[in-house]
Amino acid sequence: MKKGIKLLICALCLVFCLGMLAGCNGNGDDATATPAPTGGATSNPTGTNQAQNPYLRPRDESLQNAIKEGETYRFFVYTTNDANNPFESMDDENREYSMNRKNAYEQHYGITIEYVVTTGSWYVDFAAAAFAGTPTTDLYHAGGPFSMYTNYNYQGNPGSVLEPLSQYSQYANFTDGEWFDQESQQVTTYGGQLYFCVPNGVGIDSVSSNLVVIFNKQILEAAGYEDTEIYDMWRNKEWNWDKLREIAQNTTDLDNEIYGITTGENNALMWGLLPSNNAAILSQTEDAESGQSYWAFSGNTDNALEAWDFFIQMGKDNTVLLSNATEVTAFRSGSLAMMVTYVNRADTLTNYRQYPEFGIVPVPMGPKADDYVSTNNWFTPLCVFKNTANPAGSVQLLSEYVAPRYAKSSEEASAMFEASAVSMVCDDESIEVLRTIPDISITEPYIIYWSTPSFSDGNADMALCNLYTDHNANFISGAETPAVLFESIEGALNNALKDAQIIFSN
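In terms of my numbering, the numbers along the sequence shown are unbroken and rise by one, the last being 1614.
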């Protein structure tokens, strides 16, 4: 089982990183840095220069400066195969911007930013080096939430190899929502300390990892549902579970191998249904011994079990394709009427020469919700390892160099959003929906713990992901029930989650 878990980590890494690669253009995924030497803070050298340079993040003049001229800062980004050509995976425009930004920071501070070449098991290699006291990078792009657990809880020692970024507030500001995702940074904070910063996505990247429903217009129209009717349901707050089930029933045509909906990869269907009924896979709870908060399993609350009951009802309707395969493949082939999936899968579809005309709406509301919710379970975490030459300088550079190209509320960011949205959807109504996603977005932390830590159900080791991918057929047939299964593993799972997050000593 442990071998399977490791393979799943690799699979998640590959699938998600490829899926999100389009978001690595100007957002901090472009950023880089290398180690910084020690020394006391100096006065801030930024001033007017930094405010006017389009490649430098505007910096509050009240902040102290810890970066010293002549220093070298190492920066690891998982896409770097050539240290002398770190932006080779980008398109021409973003490559030019990233090169100019790197040059601007090197000239502004008189430093060298050195990119570190990736390794086959990068998501553990750099933590291992830091644990040994010889970090091989200063700034670290964690790829996504899937690698946070390994780096934060390396060798079962929470926080042992990472600098608490929030302890350097005199040099670096990660609390400005114009540049950093404050919602996502709530799930990268442990024991009250921020360990991973999360730059805002710019343009369509600000919603690319949010969950929505994408529907095949032709299949729905053949069943009597015009796309305008679906959009009217959405606008009138009538787009709910009952409508989803009804449409799934009326669009399913098993003789022609067409399903109303699919579980999708990692059971994206339940990822969407749970928050749409005011439920969550993990929720914050307080540890009685340490007084610290941690993410504990909450997938067995009444609202969560109601979502599972709805899932089971649709399964008994024979409208759900039980498949862990990527949803886009079945959807593009015309085998699916609807899928709960990431916004960026629309871009995946339109990148093909042929694809079905589709529309986009939020995940429908459950009976315990009074508004739509769009879950975001993917973000870009970056951190600084301990024992670098100049920790304060590393944290300061991280706060500036990985910030997005444009501020969240800027006209430029808005223009990028509109331009990208137009290129990846089939109608104006989908763009209208996408504009609303930031206001209904929530970040959930379960991908951090999806494959690790493992825990025992009394017979074998398993992980959180297994609860959502391995039992669906049994739930639908009645051979198992979510309530009984979840109650049986709750204690072991929560102990594993607590041990992975709580810092008992520094």
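For glycine and all other residues, C-beta sits at the position ideal for the given N, C-alpha and C.
Fair warning: this is a prediction, and the values are worked out from it, not measured in the lab.
What three-state label does DSSP hand residue i in the structure shown?
{"i": "His1216", "result": "helix"}
{"i": "Thr1140", "result": "Low local confidence applies: a pLDDT of 32 at Thr1140 is under 50, so the model's placement there is unreliable, with the coordinate-based value given in what follows. Coil, per DSSP."}
{"i": "Trp1558", "result": "coil"}
{"i": "Asp1200", "result": "helix"}
{"i": "Ala1149", "result": "Residue confidence for Ala1149 is low, a pLDDT of 39 falling below 50, so the modelled location carries little weight; the figure read from the coordinates is stated next. Three-state result, Ala1149: coil."}
{"i": "Ala1404", "result": "strand"}
{"i": "Thr1409", "result": "coil"}
{"i": "Glu1354", "result": "helix"}
{"i": "Leu1171", "result": "coil"}
{"i": "Tyr1276", "result": "helix"}
{"i": "Val1306", "result": "coil"}
{"i": "Val1541", "result": "helix"}
{"i": "Gly1131", "result": "With a pLDDT of 35 at Gly1131, under the threshold of 50, the modelled position of that residue is not reliable, and no figure is offered here."}
{"i": "Asp1565", "result": "coil"}
{"i": "Thr1187", "result": "coil"}
{"i": "Ile1366", "result": "strand"}
{"i": "Thr1297", "result": "strand"}
{"i": "Leu1164", "result": "coil"}
{"i": "Ser1391", "result": "strand"}
{"i": "Asp1417", "result": "helix"}
{"i": "Asp1361", "result": "strand"}
Spatial neighbours of residue i within its chain, please: C-beta separation below 6 Å, excluding the five flanking residues on both sides.
{"i": "Asn1484", "result": "Ser1317, Asn1318, Ser1549, Thr1551"}
{"i": "Tyr1460", "result": "none"}
{"i": "Ala1515", "result": "Glu1286"}
{"i": "Ser1292", "result": "Val1306, Phe1487, Thr1551"}
{"i": "Cys1132", "result": "Note that Cys1132 scores 35 on pLDDT, short of 50, meaning its location in the model is unreliable; the coordinates nonetheless yield the value given after this. Within the same chain, Cys1132 has no close Cβ partners at all."}
{"i": "Cys1534", "result": "Glu1465, Phe1466"}
{"i": "Phe1439", "result": "Met1447"}
{"i": "Val1232", "result": "Thr1258"}
{"i": "Pro1553", "result": "Val1295, Leu1390, Trp1403"}
Would the beta-carbon of residue i be found less than 7 Å away from any heavy atom of the ligand FMN?
{"i": "Thr1370", "result": "Questions concerning the ligand FMN fall outside what the structure shown contains, since it holds no ligand whatsoever."}
Going by DSSP, what residue range makes up the beta strand (DSSP E) through residue i?
{"i": "Ile1550", "result": "1549 to 1551"}
{"i": "Phe1184", "result": "1180 to 1184"}
To the nearest whole angstrom, what separates the beta carbons of residue i and residue j, a pair I think is in contact under 8 Å?
{"i": "Leu1444", "j": "Ile1369", "result": "7 Å"}
{"i": "Val1310", "j": "Ala1521", "result": "5 Å"}
{"i": "Glu1177", "j": "Tyr1217", "result": "7 Å"}
{"i": "Thr1360", "j": "Thr1427", "result": "4 Å"}
{"i": "Leu1270", "j": "Asn1259", "result": "7 Å"}
{"i": "Gly1372", "j": "Ile1389", "result": "Not really, about 16 Å apart at Cβ, beyond 8 Å."}
{"i": "Cys1573", "j": "Phe1304", "result": "In fact, because the Cβ distance is near 21 Å, the residues do not count as touching under 8 Å."}
{"i": "Thr1449", "j": "Ala1568", "result": "Not really, about 31 Å apart at Cβ, beyond 8 Å."}
{"i": "Ile1322", "j": "Ala1454", "result": "6 Å"}
{"i": "Asn1344", "j": "Ala1477", "result": "Going by Cβ atoms, the distance from Asn1344 to Ala1477 rounds to 15 Å, so no, they are not a contact pair."}
{"i": "Asn1230", "j": "Val1541", "result": "Before going further, note that residue 1230 is Trp rather than Asn in the sequence given. The Cβ separation is near 36 Å, so there is no contact."}
Since residue i is in the alpha helix (DSSP H), which residue starts that stretch and which ends it?
{"i": "Ser1528", "result": "1519 to 1532"}
{"i": "Ser1596", "result": "1590 to 1609"}
{"i": "Ser1398", "result": "From DSSP, Ser1398 is part of no alpha helix (DSSP H); its letter is neither H nor E."}
{"i": "Gln1263", "result": "Counting along the chain, Gln1263 falls outside any alpha helix (DSSP H), and DSSP gives it neither H nor E."}
{"i": "Leu1377", "result": "1376 to 1381"}
{"i": "Ser1585", "result": "1580 to 1585"}
{"i": "Thr1577", "result": "1572 to 1577"}
Under 8 Å Cβ to Cβ from residue i, same chain only, skipping five residues before and after it: list those, please.
{"i": "Leu1236", "result": "The sequence given here has Ala at residue 1236, not Leu. For Ala1236, where only same-chain residues beyond five positions count, the Cβ hits under 8 Å are Tyr1262."}
{"i": "Met1378", "result": "Thr1371, Ala1415, Trp1416, Phe1419, Tyr1576"}
{"i": "Lys1325", "result": "Asp1335, Pro1464, Glu1465, Phe1466, Gly1467, Cys1534"}
{"i": "Ser1596", "result": "Asp1565, Gly1566"}
{"i": "Leu1126", "result": "The pLDDT assigned to Leu1126 is 37, lower than 50, so where the model puts this residue is not dependable; a value taken from the coordinates is nonetheless given after this. Closer than 8 Å at the Cβ level, and outside the excluded window around Leu1126, lies no residue."}
Who are the Cβ neighbours of residue i in its own chain at under 7 Å, not counting the five residues just before and after it?
{"i": "Gln1609", "result": "Pro1266, Tyr1298, Tyr1402, Trp1403"}
{"i": "Ala1250", "result": "Met1256, Asn1259, Phe1304, Pro1489, Leu1490, Cys1491"}
{"i": "Thr1245", "result": "Arg1182, Phe1183, Phe1184, Val1224, Phe1234, Phe1493"}
{"i": "Asp1578", "result": "none"}
{"i": "Lys1424", "result": "Ile1584"}
Runs of beta strand (DSSP E) wholly within the stretch 1309 to 1350 (minimum 3 residues, chain order): 1319 to 1324
- prompt: Taking only runs of the beta strand (DSSP E) that begin and end inside the stretch 1210 to 1256, which ones reach a length of at least 3 residues, in chain order?
  reply: 1220 to 1224, 1247 to 1249
message: For a minimum of 3 consecutive residues, which ranges assigned as the beta strand (DSSP E) are wholly contained in the stretch 1431 to 1517?
response: 1446 to 1450, 1466 to 1469, 1482 to 1484, 1490 to 1492
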